[in-house]
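Undergrad: Going down the list, the protein sequences come from chains A and B.
With the first letter of the first sequence counted as 1, position 13 gets the number 13 in this note's numbering; the numbers rise by one all the way through.
Take any residue in the second sequence, count from 1 to its spot, add 1000: that is its number in this note's numbering.
Where a beta carbon is used, it is the ideal one built from N, C-alpha and C, also for glycine.
Sending over a structure as structure tokens; questions will come in a sec.
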Amino acid sequence: AQSVTQPDIHITVSEGASLELRCNYSYGATPYLFWYVQSPGQGLQLLLKYFSGDTLVQGIKGFEAEFKRSQSSFNLRKPSVHWSDAAEYFCAVGAPTYSGAGSYQLTFGKGTKLSVIP
Amino acid sequence: NAGVTQTPKFQVLKTGQSMTLQCAQDMNHEYMSWYRQDPGMGLRLIHYSVGAGITDQGEVPNGYNVSRSTTEDFPLRLLSAAPSQTSVYFCASRNSLNQPQHFGDGTRLSIL
Chain A
1 AQSVTQPDIH ITVSEGASLE LRCNYSYGAT PYLFWYVQSP GQGLQLLLKY FSGDTLVQGI
61 KGFEAEFKRS QSSFNLRKPS VHWSDAAEYF CAVGAPTYSG AGSYQLTFGK GTKLSVIP
Chain B
1001 NAGVTQTPKF QVLKTGQSMT LQCAQDMNHE YMSWYRQDPG MGLRLIHYSV GAGITDQGEV
1061 PNGYNVSRST TEDFPLRLLS AAPSQTSVYF CASRNSLNQP QHFGDGTRLS IL
């Protein structure tokens, strides 16, 4: 079974600083990879996804992530953080199932809470 | 464009009571799933469905039942609520192809 590790429970950065949130996964083949963001009291919003192809993925709100097979990682980055980026971020791995073409089951990491200092 | 709609948004139950959390989507998605979110635990899959009439268990299915009589609806039933089921519940749906999941806004459930 697949698993996801987000090593950092809580990260604090200054507004305008760069950001990198770490995500490591365990899966025997190439999984589907996702980053979601959750603001307090809200549902989850997809930031970006990787299914195949270019290992550097661009997402919404200026985020990007890079899939590194050799390190089993899919770290999320942003060059300049804004105060509105304060939220909780979840990395997720989708392992294909036999239920149908493209079908997969998601496993989430435990999340990284991001605080932004003005 | 409603997306994934969950009702109710908040609910308080007493131990032993039963209730159904509703989830509806208007995107004709085949795949629907229920997660619970607990502090420090991320989201854990309870049950999922790959189409009408087909359901299966996820990581934490005990104490919950589901059914999928239509493509649009995927209700989650708590047969006898327990305090350990206090959580925030999220419903999600997606196309069966390589598409990401769309999440509802969640149901915050407290069991006393």
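Flag leucine 1043 of chain B as yes if its beta-carbon sits less than 7 angstroms from any beta-carbon of chain A, otherwise no.
TA: By 1-based counting over the second sequence, the position of residue 1043 of chain B is 43. Yes, leucine 1043 of chain B lies at the interface with chain A (some Cβ there is under 7 angstroms from its Cβ).
Undergrad: Under 7 angstroms Cβ-Cβ, which residues of chain B neighbour glutamine 42 of chain A?
TA: What you label residue 42 of chain A is simply residue 42 of the first sequence in a count that begins at 1. Here the neighbours are Asp1105.
Undergrad: My assumption, with CB atoms under 8 angstroms, is that threonine 112 of chain A sits in contact with leucine 47 of chain A. Please give the rounded CB distance.
TA: Here the question's residue 112 of chain A lines up with position 112 in the first sequence. Here the question's residue 47 of chain A lines up with position 47 in the first sequence. In fact, because the Cβ distance is near 13 angstroms, the residues do not count as touching under 8 angstroms.
Undergrad: Looking at the C-beta of proline 1100 of chain B, does it have a partner C-beta in chain A at a distance below 7 angstroms?
TA: Residue 1100 of chain B sits at position 100 when you count from the first residue of the second sequence. Yes, contact with chain A.
Undergrad: Okay, do the segment 1064-1072 of chain B and the segment 1004-1018 of chain B touch, 3+ Cβ pairs below 8 angstroms being the bar?
TA: No contact exists between the segment 1064-1072 of chain B and the segment 1004-1018 of chain B.
Undergrad: On the criterion of 16 or more Cβ atoms from any shown chain inside 10 Å, does glutamine 58 of chain A qualify as buried, or is it exposed?
TA: If you number the first sequence from 1, residue 58 of chain A lands on position 58. Answer is exposed; the Cβ neighbour count stays below 16.
Undergrad: My output table needs one value for arginine 1068 of chain B: the three-state DSSP class, helix, strand or coil.
TA: Indexing the second sequence from 1 puts residue 1068 of chain B at position 68. It is coil, neither helix nor strand.
Undergrad: Could you tell me which of B:Cys1023, B:Gly1058, B:Asn1028 sits nearest to glutamine 2 of chain A, measuring between CA atoms?
TA: Here residue 2 of chain A corresponds to residue number 2 of the first sequence, with the count starting at 1. With distances taken between Cα atoms, glutamine 2 of chain A lies closest to B:Gly1058.
Undergrad: Give me the Cα-Cα distance between asparagine 1062 of chain B and phenylalanine 1074 of chain B, rounded to the nearest whole angstrom.
TA: Your numbering for residue 1062 of chain B matches position 62 in the second sequence. Your numbering for residue 1074 of chain B matches position 74 in the second sequence. Cα to Cα, asparagine 1062 of chain B sits roughly 17 angstroms from phenylalanine 1074 of chain B.
Undergrad: Identify which residue in B:Leu1078, B:Gly1106, B:His1102, B:Ile1111 has its Cα closest to the Cα of glycine 41 of chain A.
TA: Your numbering for residue 41 of chain A matches position 41 in the first sequence. Residue B:Gly1106 is the option with its Cα nearest to glycine 41 of chain A.
Undergrad: In three-state DSSP terms, what is glutamine 1006 of chain B?
TA: Residue mapping note: residue 1006 of chain B aligns to position 6 of the second sequence, counting from 1. Glutamine 1006 of chain B: strand per DSSP, three-state reduction.
Undergrad: Determine the direct distance from the alpha carbon of cysteine 1023 of chain B to that of lysine 110 of chain A, and round the result to whole angstroms.
TA: Residue numbering aside, residue 110 of chain A sits at position 110 when the first sequence is read from its first letter. Residue numbering aside, residue 1023 of chain B sits at position 23 when the second sequence is read from its first letter. Taking the straight line from one Cα to the other gives about 24 angstroms.
Undergrad: Does the beta carbon of phenylalanine 108 of chain A come closer than 7 angstroms to any beta carbon on chain B?
TA: Within the first sequence, residue 108 of chain A is the residue found at index 108, counting from 1. Yes, phenylalanine 108 of chain A lies at the interface with chain B (some Cβ there is under 7 angstroms from its Cβ).
Undergrad: Taking serine 73 of chain A as the reference, which of A:His10, A:Thr12, A:Ser26, A:Ala17 has the closest Cα?
TA: As a working note, residue 73 of chain A is residue 73 in the first sequence. When each option's Cα is compared against that of serine 73 of chain A, the closest is A:Ser26.
Undergrad: To the nearest angstrom, report how far apart histidine 1102 of chain B and alanine 1002 of chain B are at their CA atoms.
TA: Counted from its first residue, the second sequence places residue 1102 of chain B at position 102. Counted from its first residue, the second sequence places residue 1002 of chain B at position 2. The alpha-carbon atoms of histidine 1102 of chain B and alanine 1002 of chain B are separated by roughly 11 angstroms.
Undergrad: List the residues of chain A whose Cβ lies closer than 7 angstroms to the Cβ of glycine 1063 of chain B, in chain order.
TA: Along the second sequence, one-based indexing puts residue 1063 of chain B at 63. Near glycine 1063 of chain B there are no residues of chain A at all, since even the closest Cβ is about 20 angstroms away, more than 7 angstroms.
Undergrad: Once the 5 residues before and after valine 13 of chain A are set aside, which same chain residues still bring their CB inside 8 angstroms of it?
TA: The residue you call residue 13 of chain A lines up with position 13 of the first sequence. If we look at valine 13 of chain A and ignore the five residues flanking it on each side, its Cβ neighbours are Leu19, Val81, Leu114, Ser115, Val116, Ile117.
Undergrad: With 9 angstroms as the limit, tell me which residues of the segment 1024-1040 of chain B have their beta carbon closer than that to any beta carbon of chain A; keep them in chain order.
TA: Within the segment 1024-1040 of chain B, the qualifying residues are Glu1030, Tyr1031, Ser1033, Tyr1035, Gln1037, Gly1040.
Undergrad: Using a Cβ-Cβ cut-off of 7 angstroms, state whether leucine 46 of chain A counts as contacting chain B.
TA: Taking the first residue of the first sequence as position 1, residue 46 of chain A is located at position 46. Closer than 7 angstroms to some Cβ of chain B, the Cβ of leucine 46 of chain A qualifies, so yes.
Undergrad: Going by DSSP, what residues sit across from lysine 94 of chain A in a beta bridge?
TA: Reading the first sequence from its first residue, position 94 is the one you call residue 94 of chain A. In the sequence as displayed, the identity of residue 94 of chain A is glycine instead of lysine. DSSP lists A:Tyr32, A:Leu106 as partners of glycine 94 of chain A.
Undergrad: Does DSSP put isoleucine 1111 of chain B in a helix, a strand or coil?
TA: Here residue 1111 of chain B refers to the residue found at position 111 of the second sequence. Three-state DSSP puts isoleucine 1111 of chain B in a strand.
Undergrad: State the DSSP-derived secondary structure class of arginine 1044 of chain B, mapped to helix, strand or coil.
TA: What you label residue 1044 of chain B is simply residue 44 of the second sequence in a count that begins at 1. It is a strand residue.
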